[in-house]
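> Starting off with a structure, shown below.
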Amino acid sequence: DAGVIQSPRHEVTEMGQEVTLRCKPISGHDYLFWYRQTMMRGLELLIYFNNNVPIDDSGMPEDRFSAKMPNASFSTLKIQPSEPRDSAVYFCASSLRGFRFNEQYFGPGTRLTVT
Amino acid sequence: DAKTTQPTSMDCAEGRAANLPCNHSTISGNEYVYWYRQIHSQGPQYIIHGLKNNETNEMASLIITEDRKSSTLILPHATLRDTAVYYCIVRVAETSGSRLTFGEGTQLTVNP
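Heads up: the protein sequence lines correspond to chains A and B, in order.
Residues 21 to 135 in our numbering are what the first sequence lists, from first letter to last.
Residues 349 to 460 in our numbering are what the second sequence lists, from first letter to last.
Okay, structure coming up:
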């Protein structure tokens, strides 16, 4: 299996632009997670899905952030409009059975820079 | 979550055991010790976790002191691919919608 796939790996955009991050989970995994990692705040859970349904989006910072999972093999995280403070590494993870941290497999991440 | 303290960096010879210490003196009774690592430009990778008994899996062993105030991650036969930043985290096992805060971790460099 190729593991969790994320694209793009790097994104540089100007403040105010829309940014879309993409994720393909491991085939057969029912849970998908979006995280954000910064030096200041560490690794934060933004939202997670179970069977394509959003279960907990309490970590989404504000209305500028939205996430969708139209099918079992694809998810997007969108930021509109983007701001410099959104600069971070965004990770997607998937798991077979549930929320336990030890069962989540992480993708390589997307490094977002908003200027 | 309880705070952890780790050395900033360590070196290890390839093929030898790498012993990474972690202090967590304020750990509470229901908190687990988790170890993750992050290889440059990759996502976090789970290694092992434990509550109070020593644990072993295919990647590593975890030794937790009897008072649970410190632990040691052991990579029995380090390889060059084990070069990474290793994070020790103390937290309740399953919590929804929460922050997983990685400290500064230990940069392990495995030398040929």
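Glycine included, each C-beta is placed from N, C-alpha and C at the ideal position.
Predicted model, so just to flag it, every value in this text is computed and none were measured.
Are any of the Cβ atoms in chain B nearer than 8 Å to that of A/N70?
False, the Cβ-Cβ gap to chain B never drops below 8 Å.
> Is there at least one Cβ from chain A nearer than 8 Å to B/S444's Cβ?
Caution applies to B/S444, whose pLDDT of 49 falls short of 50 and renders its modelled position unreliable; the value that the coordinates give is listed next. Yes - at least one Cβ of chain A is within 8 Å of the one on B/S444.
> Counting C-beta neighbours from all protein chains within 10 Å, is the total for A/R56 16 or more, i.e. buried, or is it exposed?
Result: buried.
> Using the C-alpha atoms, what's the distance from B/L399 back to B/V374?
Per the sequence shown, residue 374 of chain B should be read as Thr rather than Val. So the two alpha carbons sit approximately 14 Å from each other.
> For a quick check, are the C-beta atoms of B/Y384 and B/Q390 less than 8 Å apart?
No. Outside cutoff.
> Who are B/K400's beta bridge partners in DSSP?
Paired residues: none, contrary to the question.
> So within the stretch 22 to 75 of chain A, which uninterrupted beta strand (DSSP E) runs reach at least 3 residues, ignoring any that extend past its ends?
Segments of the beta strand (DSSP E) lying fully in the stretch 22 to 75 of chain A: 25 to 27, 30 to 33, 39 to 44, 51 to 58 and 62 to 70.
> Short of 6 Å in beta carbon distance, which residues of its chain neighbour A/G36, apart from the five on each side in sequence? Order them along the chain.
Same-chain partners within the cutoff: P101.
> Determine, using beta carbons only, whether A/Y110 and A/I46 come nearer to each other than 8 Å.
Cβ atoms of A/Y110 and A/I46: not closer than 8 Å.
> With C-beta atoms as the reference, is A/L52 less than 8 Å away from A/M89?
Contact flag set, yes.
> Expressed to the nearest angstrom, what Euclidean distance is found between the alpha-carbon atoms of A/L63 and A/R120?
About 15 Å.
> Just mark B/S357 as buried or exposed, buried being the case when its beta carbon has 16 or more other beta carbons within 10 Å.
Looking at its Cβ environment, which holds fewer than 16 other Cβ atoms inside 10 Å, B/S357 is exposed.
> When the cut-off is 8 Å and only beta carbons count, does B/Y434 lie next to chain A?
It does not: the Cβ of B/Y434 has no partner Cβ on chain A nearer than 8 Å.
> Count the other CB atoms within 10 Å of the CB of B/Q354; is the residue buried (16 or more) or exposed (fewer)?
Looking at its Cβ environment, which holds 16 or more other Cβ atoms inside 10 Å, B/Q354 is buried.
> By the three-class DSSP mapping on this structure, what secondary structure does B/E379 have?
Reduced to three states, the DSSP call for B/E379 is strand.
> When you compare only the Cα positions, how much space is there between B/S376 and B/G453?
Answer to the nearest angstrom: the Cα atoms are 21 Å apart.
> Any C-beta of chain B within less than 9 Å: which residues of the stretch 95 to 129 of chain A qualify?
Cβ contacts with chain B come from V109, F111, C112, A113, G118, F119, R120, F121, N122, E123, Q124, Y125, F126, G127, P128 and G129.
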